[in-house]
Structures are given as C-alpha cells and as structure tokens.
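Student: Residue numbering for the sequence shown follows the working numbering, starting at 4 and increasing by one per position. Sharing a structure, written as structure tokens. Questions coming.
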Amino acid sequence: MEKMNVRFLIALMVMSLVLGFSSAVDFRWRKTAGFSDRFTRAVSSVVFPVHGNVYPLGYYNVTINIGQPPRPYYLDLDTGSDLTWLQCDAPCVRCLEAPHPLYQPSNDLIPCTDPLCKALHINGNDRCEAPEQCDYEVEYADGGSSLGVLVRDVFSLNYTEGLRLTPRLALGCGYDQIPGASSHHPLDGVLGLGRGKVSILSQLHSQGYVKNVIGHCLSSLGGGVLFFGNDLYDSSRVSWTPMSRENSKHYSPAMGGELLFGGRTTGLKNLATVFDSGSSYTYFNSKAYQAVTYLLKRELSGKPLKEARDDHTLPLCWQGRRPFMSIEEVKKYFKPLALSFKTGWRSKTMFEIPPEAYLIISMKGNVCLGILNGTEIGLQNLNLIGDISMQDQMIIYDNEKQSIGWIPADCDELASLKAAAQVYEY
Numbered sequence: 004m005e006k007m008n009v010r011f012l013i014a015l016m017v018m019s020l021v022l023g024f025s026s027a028v029d030f031r032w033r034k035t036a037g038f039s040d041r042f043t044r045a046v047s048s049v050v051f052p053v054h055g056n057v058y059p060l061g062y063y064n065v066t067i068n069i070g071q072p073p074r075p076y077y078l079d080l081d082t083g084s085d086l087t088w089l090q091c092d093a094p095c096v097r098c099l100e101a102p103h104p105l106y107q108p109s110n111d112l113i114p115c116t117d118p119l120c121k122a123l124h125i126n127g128n129d130r131c132e133a134p135e136q137c138d139y140e141v142e143y144a145d146g147g148s149s150l151g152v153l154v155r156d157v158f159s160l161n162y163t164e165g166l167r168l169t170p171r172l173a174l175g176c177g178y179d180q181i182p183g184a185s186s187h188h189p190l191d192g193v194l195g196l197g198r199g200k201v202s203i204l205s206q207l208h209s210q211g212y213v214k215n216v217i218g219h220c221l222s223s224l225g226g227g228v229l230f231f232g233n234d235l236y237d238s239s240r241v242s243w244t245p246m247s248r249e250n251s252k253h254y255s256p257a258m259g260g261e262l263l264f265g266g267r268t269t270g271l272k273n274l275a276t277v278f279d280s281g282s283s284y285t286y287f288n289s290k291a292y293q294a295v296t297y298l299l300k301r302e303l304s305g306k307p308l309k310e311a312r313d314d315h316t317l318p319l320c321w322q323g324r325r326p327f328m329s330i331e332e333v334k335k336y337f338k339p340l341a342l343s344f345k346t347g348w349r350s351k352t353m354f355e356i357p358p359e360a361y362l363i364i365s366m367k368g369n370v371c372l373g374i375l376n377g378t379e380i381g382l383q384n385l386n387l388i389g390d391i392s393m394q395d396q397m398i399i400y401d402n403e404k405q406s407i408g409w410i411p412a413d414c415d416e417l418a419s420l421k422a423a424a425q426v427y428e429y
C-alpha cells in the first residue's frame, strides 16, 4: 500500500541457543537430523533477516538474491501491496538512487494473457496493447510509483533446515520510477507481500513450497525477521482475529476496531483497519486522529512537556526541560492506546499500542507522535497500522485460516540468532 519512509545462513541450532531463546514467545524447536521423509514441501518455512528501523531510517528491508547468477537486492517490505518489483535496466527511463546495480531482466517475459497478469489488472485496465508482454503500473499513497513489465526469474531462497530452493517467480522489471514524498533512501525495489495472486507468498504457495502464511517481527532497536510458512510460532498463544472477506486486497480485520485510550473507550467504533508494513507510521482517519491528539494534549496538561513547534520531524512533537535520549524517559507521561476487534458474537481480542509503539525521539531530543492523519493523505476513513505500532510483536497473516494474529516477542533476540530451526515437538 503506502511505500513510506517505505538469509539467515540457515543451519541447525545448537541446543544452547535454543535454551537461551527469549521466553516472550513459546518457540519449541524441532530437531532435524536431515531432510527426512516427514518434511515435505509446504511444511518448512523460509526466513529472512530484516534490516532498518522506523526512525531515523524510515524503512525495513530484506536482502533477496535474484537472477542467474543470483545477485543481492534490498527490497522494502510491503504487506499493503502485491507486486514485487526491481529497478530494472530495460533500459531505465527514470530510476532512483539504488544501493546495487540495476537488475538485468531475464528474457522470460510474462504475456498479457497469463493469469498472473490478469490478476494484477483485475481492478483496472486489462487491455493488451502488447500481447507478448504484461505491462504494469503501481502507485502508492505517498505519490510514488513504478512502471514496467512482468518477467519471471529465479529467486534463491533457503528453508529453515538448510535445503535450498530456486523457484521461478514473477516480478516487475521497473524502468520508470517516481519517488514518493516520504521515500528518501536508496531503493532496489519493493517486496510485495499482499493477499493477491501475484504476491511472492502466493506464488510460492501455489508452487507447493510454503504454507500461505507470512509473518514478521520488527524490533524497536532496529532489524527483525520476516518468514513465510507456519511452523515458527505456537498458534495457541497467538491473539487472532478473522480477516475481512470484503476487503480481500489488504490484511484487514473482518470487524472494525474500537479505539481505546488508557483502557477506556473513546466512543469511536467500527474503525476499518489495515495492517501495512509498507508504512513506517500509523495513520488514523481524521476523527480518530483528532480524538487521540485531543486526549493526549489534555493528559499532558500540567506535565513537564510543551509543544515543540520548531521541530518538524512529525506534525506533533513535545519538548522537555532537557533533550530526551529514549522513549523510556518519557513514556510515563503517555497512556496506552488499543484497538479492540470482535472475533465472534461476544468475544473480542485486543491489539495493544503502548506509548513506545506510537512515539519516537527526534534528532532534537523531543518526543513526537508517530500517529498521523490519514484522511489528509487520501486514506479517507481507513486506519492503517504501520511499522511503529507493530514493533516488538510477531504479526502473522494466515491466509490459510483467513486470520491475522499477534503476540509480544523479543524481535531483537530473534533477529540476533544466526541460525534457525523447526519447532521442536515433544
């Protein structure tokens, strides 16, 4: 969706690493003495280390090796869009600064009649101006865009037990890019992780490589992990809410959320919500944003904080008597937020947003609100949960069970592991 601010070397873990793993999530590791008959395609997971942070970098990305021979590319994570694309020497008409040489496309063009091309254009122009190729154009909420053609090429990936896989997957060869208002970093391309058929996850699933499940764990200290597959978490400990069947394009809860401030309802209910890793910050619609800012300002009245009008890091910042060094110093002045989602007739599940999941410390040492007004950038009534509010939680998008889940996790410790193994079954 919004492209904002948007390998492991897989080996068997030694038991000391297993025993030292964080208790924040109940990971139980399965021993593997080799790729036995019990491990089939669509059982193992593919795990990637994630790099980046919400602030000051403003993005999270993974390194994926693509092509023959394989070359590394940094791809920004985006669960809000489907298409994976690379800046491409086709030749390039207009390309942005990139950390690696431009992708040299394969000769395997995807024709206009291919089902993936049709799926990409299901809500738009599907006429074939050039039948031998599939043209695309993707636009993001911050004004950025990519224009190009679809090709197939080899992706070099690893299962968690060490087996390498080299599927041929569709991706965009982008030869004309326009930067978004908030895209200020060198960019190889975007990893589209949405629910559509053209997403990398959907393609891997359709070829039998992984379950149709994706998850990420983004650390507030920077970094984290991204995974495809469903064997890296204990489902019984995860808070789940059904996915919307009406909003089949995005990872959106079926029932609108109720907004709480300090554990009490704000009176705002049925908030249409999307989980989007392509956005660094969280966006509320105008009504919810105004309610939150009003309540925050009222709560801060009499506290040793005042608005820092000369700090333009984000629209709303506060300064203290002296510069803050971390959120820990200031979070005591702020109350937690939460979104409550109905999961049944009488049952609910809560997505907690503590102060450290909606605040940043600016370069000036002020504390700034990482929740922005989405209506002002064209999101209308949509409420978007961005990276800042998903930090230090494992977020799981289970397309098999049509559910979105979350559980607190030590993403930094998980990211620090240099190896991964399967869940251990007792």
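Virtual Cβ for every residue (Gly too), placed ideally from N, Cα, C.
Taking Y400 as the reference, give the member of I388, E331, F278, V157 with the closest Cα.
Tutor: Along the sequence shown, one-based indexing puts residue 400 at 397. Y400 has its Cα closest to that of F278, out of I388, E331, F278, V157.
Student: Spatial neighbours of A418 within its chain, please: C-beta separation below 8 Å, excluding the five flanking residues on both sides.
Tutor: As a first step, residue 418 must be located in the sequence shown, where it is residue number 415. Here the set comprises P52, V53, C220, S222, G226, G227, V228.
Student: Take the Cβ of V96 as the centre, count every other Cβ of all protein chains shown within 10 Å, and call the residue buried at 16 or more, exposed below.
Tutor: Position 93 of the sequence shown, counted from the start, is the residue given in the question as residue 96. Its Cβ having fewer than 16 others within 10 Å, V96 is exposed.
Student: Pull up the distance between the alpha-carbon of M366 and that of E332, whole angstroms please.
Tutor: Position 363 of the sequence shown holds residue 366. Position 329 of the sequence shown holds residue 332. Roughly 15 Å between the two C-alpha positions.
Student: Touching or not, the segment 101 to 119 and the segment 65 to 80, by the rule of three or more beta carbon pairs under 8 Å?
Tutor: yes
Student: Quick check on S280: buried or exposed, where buried means 16 or more other Cβ atoms within 10 Å of its Cβ?
Tutor: For this step, residue 280 is matched to residue 277 along the sequence shown. Buried.
Student: Ignoring anything shorter than 3 residues, give me the beta strand (DSSP E) runs that lie fully in the segment 150 to 212, in order along the chain.
Tutor: 171 to 181, 192 to 195
Student: Indicate whether C176 and V157 have their beta-carbon atoms separated by less than 8 Å.
Tutor: Start at 1 with the first residue of the sequence shown, and residue 176 comes out as number 173. Start at 1 with the first residue of the sequence shown, and residue 157 comes out as number 154. Against a cut-off of 8 Å, the Cβ pair of V157 and C176 comes out as no contact.
Student: Could you check where the beta strand (DSSP E) with E379 kicks off and where it finishes?
Tutor: Here residue 379 is taken as the residue at index 376 of the sequence shown, counted from 1. No beta strand (DSSP E) holds E379; DSSP gives it neither H nor E.
Student: Please report the straight-line C-alpha distance between Q405 and T269, rounded to a whole angstrom.
Tutor: Position 402 of the sequence shown, counting from 1, holds the residue named residue 405. Position 266 of the sequence shown, counting from 1, holds the residue named residue 269. For Q405 and T269, the distance between alpha carbons rounds to 29 Å.
Student: Rank V201, G368, Y63 by C-alpha distance to the C-alpha of C320 and give the top, closest one.
Tutor: For this step, residue 320 is matched to residue 317 along the sequence shown. With distances taken between CA atoms, C320 lies nearest to G368 out of V201, G368, Y63.
Student: Closer than 6 Å by C-beta to N233: which residues in its own chain qualify, once you throw out the five before and the five after it? Chain order, please.
Tutor: Residue 233 sits at position 230 when you count from the first residue of the sequence shown. Within the same chain, N233 has close Cβ partners K214, V216.
Student: Consult DSSP for C371 and reduce its assignment to one of helix, strand or coil.
Tutor: What you label residue 371 is simply residue 368 of the sequence shown in a count that begins at 1. In the structure shown, C371 falls within a strand segment according to DSSP collapsed to helix, strand and coil.
Student: Is D81 helix, strand or coil by DSSP?
Tutor: Indexing the sequence shown from 1 puts residue 81 at position 78. Residue state, collapsed to three classes: strand.
Student: Give me the Cα-Cα distance between Y139 and K334, rounded to the nearest whole angstrom.
Tutor: Against the sequence shown, residue 139 aligns to sequence position 136. Against the sequence shown, residue 334 aligns to sequence position 331. Roughly 45 Å between the two C-alpha positions.
Student: If you drop the 5 nearest sequence neighbours on each side, which residues of the same chain put their C-beta closer than 8 Å to that of L99?
Tutor: On the sequence shown, position 96 is the one that residue 99 refers to. Result list for L99: Q90, Q180, P182, S186, P189, L190, in chain order.
Student: I'd like the list of long-range same chain contacts for L60, defined as Cβ closer than 7 Å, with 5 residues on each side in sequence excluded.
Tutor: As a first step, residue 60 is located in the sequence shown; it is residue number 57 there, counting from the start. Same-chain partners within the cutoff: H188.
Student: Just to confirm my understanding: we take E302, look at its own chain, exclude 5 residues before and 5 after, and list those with CB closer than 7 Å. What are they?
Tutor: Walking along the sequence shown from the start, residue 302 turns up at place 299. For E302, where only same-chain residues beyond five positions count, the Cβ hits under 7 Å are K338.
Student: Looking at C-alpha atoms only, which residue of Y254, Y336, K290 is the closest neighbour of W409?
Tutor: On the sequence shown, position 406 is the one that residue 409 refers to. Considering only alpha carbons, the answer is Y254.
Student: Could you say if the segment 369 to 381 and the segment 191 to 200 meet the contact criterion of at least three C-beta pairs nearer than 8 Å?
Tutor: Counting C-beta pairs with one atom in each stretch, the segment 369 to 381 and the segment 191 to 200 have fewer than three that are closer than 8 Å, which means they do not touch.
Student: Would you tell me roughly how many angstroms separate the C-alpha atoms of V295 and L262, rounded to the nearest one?
Tutor: Your numbering for residue 295 matches position 292 in the sequence shown. Your numbering for residue 262 matches position 259 in the sequence shown. Straight-line Cα distance between these residues: approximately 9 Å.
Student: Should A341 and I356 be called a contact, given that it needs their Cβ atoms to be closer than 8 Å?
Tutor: Against the sequence shown, residue 341 aligns to sequence position 338. Against the sequence shown, residue 356 aligns to sequence position 353. Their beta carbons are under 8 Å apart, which means A341 touches I356 by this criterion.
Student: Taking C-beta to C-beta, are L385 and N288 nearer than 8 Å?
Tutor: Indexing the sequence shown from 1 puts residue 385 at position 382. Indexing the sequence shown from 1 puts residue 288 at position 285. Yes. Within cutoff.
Student: Is it true that the CB of S205 sits closer than 8 Å to the CB of G211?
Tutor: Taking the sequence shown and counting its residues from 1, one reaches residue 211 at position 208. Taking the sequence shown and counting its residues from 1, one reaches residue 205 at position 202. No.
Student: Select from I69, L86, V65 the residue whose C-alpha is nearest the C-alpha of D79.
Tutor: Taking the first residue of the sequence shown as position 1, residue 79 is located at position 76. The residue with the shortest Cα to Cα distance from D79 is V65.
Student: Extract the residue ranges of the beta strand (DSSP E) inside the segment 277 to 329, only unbroken runs of 3 or more that lie entirely within it.
Tutor: 285 to 287, 320 to 322
Student: Below 6 Å CB to CB, which residues in the same chain sit around G259 once its five sequence neighbours on both sides are set aside?
Tutor: By 1-based counting over the sequence shown, the position of residue 259 is 256. Excluding sequence neighbours, G259 sits near N273, L274, A275.
Student: Note down, in chain order, each residue of its chain lying with its Cβ closer than 8 Å to the Cβ of Q394, except the 5 sequence neighbours on either side.
Tutor: Position 391 of the sequence shown, counting from 1, holds the residue named residue 394. In its chain, beyond the 5 residues on either side, V57, L221, S222, S223, E359, A360, C414 have a beta carbon closer than 8 Å to the beta carbon of Q394.
Student: Let me confirm a value: A184 is counted as buried when at least 16 other C-beta atoms fall within 10 Å, else exposed. Which label applies?
Tutor: Here residue 184 refers to the residue found at position 181 of the sequence shown. Exposed, since its Cβ has fewer than 16 Cβ neighbours within 10 Å.
Student: Would you call the CB atoms of Y286 and G389 closer than 8 Å?
Tutor: Looking up residue 286 in the sequence shown gives position 283. Looking up residue 389 in the sequence shown gives position 386. Going by C-beta atoms, Y286 is nearer than 8 Å to G389.
Student: Mind checking Y297: buried by the 16 CB within 10 Å criterion, or exposed?
Tutor: Translated into positions along the sequence shown, residue 297 becomes position 294. Here Y297 is exposed. Its C-beta has fewer than 16 other C-beta atoms within 10 Å.
Student: Quick one: is K309 buried, meaning 16 or more other Cβ sit within 10 Å of its Cβ, or exposed?
Tutor: Counting from 1 along the sequence shown, the entry for residue 309 is found at position 306. K309 is exposed by the Cβ-count criterion.
Student: Does M444 come out as helix, strand or coil in the three-state DSSP assignment?
Tutor: The question about residue 444 has no answer, for the chain in this structure spans 4 to 429.
Student: Does DSSP classify I113 as helix, strand or coil?
Tutor: Position 110 of the sequence shown holds residue 113. Three-state DSSP puts I113 in coil, outside helix and strand.
Student: Tell me the DSSP secondary structure of E261 in three-state form.
Tutor: The residue you call residue 261 lines up with position 258 of the sequence shown. Correct three-state label for E261: strand.
Student: Check E142 in the structure and name its three-state DSSP category.
Tutor: Residue numbering aside, residue 142 sits at position 139 when the sequence shown is read from its first letter. In the structure shown, E142 sits in a strand (DSSP, three-state: E or B).
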